[in-house]
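Heads up, the sequence shown is in numbering that gives the first Met the number 0, so the first residue is 0 and it goes up one at a time.
For reference, the structure discussed in these notes is given below.
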Amino acid sequence: MSEIATAEARPTEARLLQMVFPDHTNHLGTLFGGQALAWMDMAAFIVASRYARSTVVTARSEQVDFNQPIHKGDLVEVIAKIVKVGRTSMQVEIDVVAEDLLSGARKLCTQGRFTMIALDPLGRPTPAPPLPAA
Ligand SMILES: CC(C)(COP(=O)(O)OP(=O)(O)OC[C@H]1O[C@@H](n2cnc3c(N)ncnc32)[C@H](O)[C@@H]1OP(=O)(O)O)[C@@H](O)C(=O)NCCC(=O)NCCS
Numbered sequence: 000m001s002e003i004a005t006a007e008a009r010p011t012e013a014r015l016l017q018m019v020f021p022d023h024t025n026h027l028g029t030l031f032g033g034q035a036l037a038w039m040d041m042a043a044f045i046v047a048s049r050y051a052r053s054t055v056v057t058a059r060s061e062q063v064d065f066n067q068p069i070h071k072g073d074l075v076e077v078i079a080k081i082v083k084v085g086r087t088s089m090q091v092e093i094d095v096v097a098e099d100l101l102s103g104a105r106k107l108c109t110q111g112r113f114t115m116i117a118l119d120p121l122g123r124p125t126p127a128p129p130l131p132a133a
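Right, here's the structure in full:
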């Protein structure tokens, strides 16, 4: 059996892939906004948890712009990046990219920003590691 390496210590980016199936859409056959928000929140949760190596909660979602519709049958890539770290908070920028599986054409459809808070084992805010110098 092959060995699987331990994950990178503190990755600042995570990518979530999802297929848009009929139960993710609205009556127009495009991705339901609440579903997109759930996937964005999940990507923010993953990147912040991996970065802080602690449990995290969402404190804020803001400035979510749904600029273009995403269609049933598209592949969706949710790209989450930690762009700023406070004491216990982490700002995560999210891009939602739709990809046509047959042509490979990709378009940036939705963008947003989430604030995630690192918690200690008792559920209290706990310091997150500072971002490495650029
Ligand atoms: C997020 C939460 C842990 C913050 O608790 P708190 O007692 O306000 O903690 P603090 O005052 O010590 O603040 C901790 C950090 O959270 C940030 N914060 C708190 N509320 C915030 C908000 N609404 N938006 C952005 N940041 C917020 C503070 O600025 C602080 O950041 P810093 O340490 O980098 O300076 C608490 O409000 C909570 O549990 N909220 C519910 C979370 C949840 O259930 N999320 C799922 C939503 S469905």
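Heads up, the beta-carbon is just placed ideally off N, CA and C, and yes, glycines get one too.
Can you give me the start and stop residues for the alpha helix (DSSP H) that residue i sits inside?
| i | result |
| --- | --- |
| A51 | 32 to 51 |
DSSP on residue i, reduced to helix/strand/coil?
| i | result |
| --- | --- |
| P21 | helix |
| H70 | strand |
| T54 | strand |
| R112 | strand |
| L16 | strand |
| D138 | Since the first and last residues shown for the chain are 0 and 133, residue 138 lies out of range. |
| P124 | strand |
| I78 | strand |
| H101 | At residue 101 the sequence reads Leu, which differs from the His that was named. Looking at L101 - three-state DSSP - the assignment turns out to be coil, as it is neither helix nor strand. |
| L136 | Since the first residue of the chain shown is 0 and the last is 133, residue 136 is not available in this structure. |
| R9 | coil |
| L130 | coil |
| L107 | strand |
Name the two residues that bound the continuous beta strand (DSSP E) containing residue i.
| i | result |
| --- | --- |
| I93 | 88 to 98 |
In chain order, what residues have a CB nearer than 7 angstroms to some heavy atom of ligand 1? V56, T57, A58, R59, G85, R86, T87, S88, T114, I116, L118, P124
For the stretch 57 to 64 against the stretch 97 to 106, are there 3 or more C-beta pairs whose distance is under 8 angstroms? no
Report yes or no: do three or more beta-carbon pairs, one from the stretch 70 to 78 and one from the stretch 119 to 129, lie closer than 8 angstroms? no
With three or more C-beta pairs closer than 8 angstroms as the rule, is the stretch 9 to 25 touching the stretch 41 to 48? yes
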